[in-house]
Amino acid sequence: MKVAVLKGGRSLERGVSLRSGARVEDALDRLGHEVLAIDVGSDLVKRLVAERPDVAFVAMHGVGGEDGTVQELLEILDIPFTGPSAAACARCMDKVQAKDAIDEAGLPTPHWFAFNQTAFHEFGAADALGRLEETLGFPLVVKPSRGGSSLGVKFARSPGEVPQALVSAFSYDDRILLERFVDGRELAVSILGDEPLPVVEAILLEGDRYDFEARYEIGRTRFACPAELSAEEERAVTEAALATYRALGCTGFARIDLILGEEGPWLLEANAIPGLTDTSLLPQAAEAAGLSFEQLVERILDLALTPQGVS
Amino acid sequence: MAEVPEPTHRRRSHAGTRDLERYAGLFAERTTVMRSSAMRDLMAITARPEVISLAGGLPDTSTFPPQSFAAQMTRIAQESAAKALQYGPTEGFEETKDCILEVMGAEGMLPDPDDIIVTTGGQQAIDLVCKTLIDPGDVVICEAPTYPGAIPTLCSYQADVVQVECDEDGMQVELLEQLLAELRAEGRRPKFIYSVPSFQNPAGVTMSLRRRQRLVELARSQEILVVEDNPYGLLRYGGEPMPPLYQLDGGDFVIYLGTFSKILSPGIRLGWAVAPPPVMEKIVLGKQAADLCTSTLTQYFVREYFAERRWQRYVDDLVEIYRSRRDTMVEALRTYFPAEATWTEPEGGLFIWATLPDYIDTSDLLAKALRADVAFVPGQAAYVDGRGSHSMRLNFSGVDEDEIREGVRRIGKVIAEQVELYGTLTGEHRVPEPATEPQPNVVPFRKAEEA
């Protein structure tokens, strides 16, 4: 089978995407497929039309590749592709949209307010900050609506820290959200097809727990897979993740990030195209379920070629 | 005879997560301090062709005459092929040392050739000094900010790095004195003080003569080594030449590091270290273990190049080009950066250090700047402790003047947007106006006396 691996692009997560892509190419090669590696640029459509791959493996992260843009093109060109549909990708990428959908589905997500830059520039939204800070309490989390990894995510511990955190978050997107901070264990549930994989827990080994950078630095965070959870906790977490996956209309695969607090799981966000590098969580979870990386890649391809509706 | 199986795959398969865990138990302690971060991924994007990168530290190699390059390589091939392709002495060829003596002589230094070792770039010289002197936990003092490339080296030898603030006259030696007293009280003796005294990377500042003299006095009286890294000394565009620390000290307590990277080519990977004989003996052993000898081929290249007796003219050419680029960058900063920003106006070297209001984090700003296709080095890269997040390093040697102007304009625009947003958020509706009047020599550091 001729498989186009789409990777790179212009997003801030280009580096991770190139690593994901390279690893997928290796696996496809070993599985005996014909690999067409494409570092996505302005010639993408031309190349896809000329090469006519049987399927496209989308190994792109961040804006452009994970937000439905590339998926829309593939839908227009009628090339089957891996991961969720264009619409689902767009929903997952935009944290505000995703939280809306999660909330509408009656699933717990930390209380939040969203703003775009215009609200501050033209409508004096700054005057509303005091009120919503009261509602959310401190510390609160400020996030760019669209953005991957920890980029631009800041904690504000007091009202004085909010403007600076907003300036940072607005560096990544024109829309940001302020979110209530919920304390608890940080978990990620990867879902393959309609099957939840073993839960991964991120355990911060050292440093400030409010330092998001630390979570992505090798040596500062340990990942436990499967996470040590009671049967009851595990059921609650996987059910919540699966419900989120469905609420967002995901197919193929996705990773749902959540916090397990004392009252139960709090859903944070969904990653439509989670990382596939050596250290990424989806491959770790697959391995814990007994799937080698090749088997994982093969299964993802199968899911792309036999599309299922949203169950 | 058993048949050798055909290799089945083009590429080696990547390790699985479980495999990585298996290796993790084998990693040396020092690898835990070698950190990768999201910022490194951001920096990877600066390589996109449409990005104007003021992030590099690249000298301009485009002006090196190709015919001269061809002639030298031909001469090497015809006259010394066998030797140029052979191993050489660990310390380097005597002829290379003669070239080094010429370069150091141009700044008033005259070391004993036996005190010199030729290294694979100045970076290896830093590595070898660390290898020779640092045990895990040893204190090393360097400037704040310091050369970003020295930090991973110091960290990989598990040094306890302490940074001493700079102002416009370089490292604040008064603060260094206090620090030394404190360390002495704790019974800790710093292994060395690392400094780039002239046109510092990244700050662009130059240590004053008074401070140079005091630093050398301190080193001599307290018997502490100073590592003077001087890649840019000959790239002076204004002001009076300063004596290197090595010259002031005479080479007893100053280890001197030099390089051909900025006066000839970084691609030839040729640098050197000068150290007192007992230290040099250990450095040579370290070098032997690391790579036996520096590339003989590029040593031959330098020898041939210096024989043409025009290396100083080439440096003069570079000085002209870089001076003009520095002026362009300073002019562009005055035009396009908001009034809240300050920056250094270096008398030489390759870098300007700009500092923004404290509510702007330059790592986040970089994300915004990259969307505008322009890049710089966020200041945090020059600190071990997360400071520097409001500053940035701008390089003016590696891009032409139109690109400098356009690059600074783009950065100025994203900063102005941040300034305006912050004003809106805090109720101080400051609409940023680029300074229209040329500003006086604005520097981000106050003089110590004023502080």
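In the order they appear, the protein sequences are chains A and B.
According to this note's numbering, the stretch in the first sequence is residues 29 to 339, in order.
According to this note's numbering, the stretch in the second sequence is residues 3 to 453, in order.
Backbone N, C-alpha and C define an ideal beta-carbon position, used for all residues, glycine too.
None of these values were measured; they are calculated from a predicted model.
Proximity winner among the options, relative to residue i (alpha-carbon distances)
i, options, result
"A:VAL210", "A:LYS30, A:ILE287 and A:GLY93", "A:ILE287"
"B:LEU299", "B:PRO51, B:GLN88, B:GLN160 and B:SER55", "B:GLN88"
"A:ASN299", "A:GLY176, A:GLU290 and A:VAL31", "A:GLY176"
"A:ILE130", "A:PRO191, A:LEU194, A:PRO293 and A:VAL91", "A:PRO293"
"A:GLU79", "A:SER70, A:GLY69 and A:ALA65", "A:ALA65"
"B:GLN224", "B:TYR338, B:GLN125, B:LEU182 and B:CYS168", "B:LEU182"
"A:ASP202", "A:GLN145, A:ASP67 and A:LEU72", "A:GLN145"
"A:LEU179", "A:ALA197, A:VAL227 and A:ARG250", "A:ALA197"
"B:THR261", "B:GLU230, B:VAL286, B:TYR196 and B:THR208", "B:GLU230"
"A:VAL170", "A:PRO302, A:GLY318, A:ALA317 and A:LEU296", "A:LEU296"
"A:HIS89", "A:GLU41, A:ASP82, A:VAL63 and A:LEU76", "A:GLU41"
"B:THR208", "B:GLY189, B:GLU179 and B:GLN174", "B:GLN174"
"B:ILE119", "B:ILE354, B:LYS284, B:SER391 and B:TYR338", "B:LYS284"
"B:GLU93", "B:GLN301, B:ILE406, B:SER64 and B:THR33", "B:GLN301"
Under 7 Å from the C-beta of residue i: neighbouring residues of chain B
i, result
"A:PHE198", "LEU423"
"A:PRO191", "TYR361, TYR424, LEU427 and THR428"
Partner residues on chain A for residue i, Cβ-Cβ distance less than 7 Å
i, result
"B:LYS370", "SER199"
"B:THR426", "PHE148, HIS149 and ALA154"
"B:GLY206", "Within chain A, no residue comes near B:GLY206; the closest Cβ sits about 25 Å away, beyond 7 Å."
"B:ASP363", "SER196"
"B:THR160", "The residue you asked about is not Thr; residue 160 of chain B is Gln in the sequence shown. Simply none; closest approach about 14 Å."
Three-state class that DSSP yields for residue i in the structure shown
i, result
"B:VAL256", "strand"
"B:GLN290", "helix"
"A:PHE141", "strand"
"B:GLN165", "strand"
"B:SER223", "helix"
"B:GLY107", "helix"
"B:GLY2", "Residue 2 of chain B lies beyond the range of chain B shown here (3 to 453); nothing can be said about it."
"A:THR163", "helix"
"A:LEU220", "strand"
"B:CYS144", "strand"
"A:ALA193", "helix"
"A:GLY36", "coil"
"B:THR1", "Because chain B spans 3 through 453 in this model, residue 1 of chain B falls outside it and cannot be assessed."
"B:THR98", "helix"
"A:ASP67", "strand"
"A:GLU297", "strand"
Partners in chain B for residue i, counting only beta-carbon separations shorter than 8 Å
i, result
"A:ARG203", "Residues of chain B passing the Cβ test: none, with the nearest at roughly 13 Å."
"A:GLN145", "LEU423"
Outcome for residue i when other beta-carbon atoms lying within 10 angstroms are tallied against a minimum of 16
i, result
"B:LEU211", "exposed"
"B:LEU358", "buried"
"B:ARG191", "exposed"
"A:THR272", "buried"
"B:MET331", "buried"
"A:LYS74", "exposed"
"B:PRO150", "buried"
"A:SER70", "exposed"
"A:MET29", "exposed"
"B:ALA161", "buried"
"B:ARG186", "exposed"
"A:THR334", "exposed"
"A:THR163", "exposed"
"A:ARG263", "exposed"
"B:PHE378", "buried"
"B:LEU28", "exposed"
Neighbour flag for residue i against chain B, beta carbons, 7 Å
i, result
"A:LEU233", "no"
"A:LEU40", "yes"
"A:SER48", "no"
Interface flag, residue i vs chain A, CB-CB below 7 Å
i, result
"B:GLN420", "yes"
"B:ASP117", "no"
"B:ILE47", "yes"
"B:ASP375", "no"
"B:GLU140", "A quick correction: the sequence has Asp, not Glu, at residue 140 of chain B. Chain A contact via Cβ: absent."
"B:ASP387", "no"
"B:ARG432", "Note that B:ARG432 scores a pLDDT of 48, beneath 50, so its modelled location is shaky and nothing firm can be said."
"B:ASP366", "yes"
Partner residues on chain A for residue i, Cβ-Cβ distance less than 9 Å
i, result
"B:ASP100", "Here the premise fails: no neighbours, minimum Cβ distance about 44 Å."
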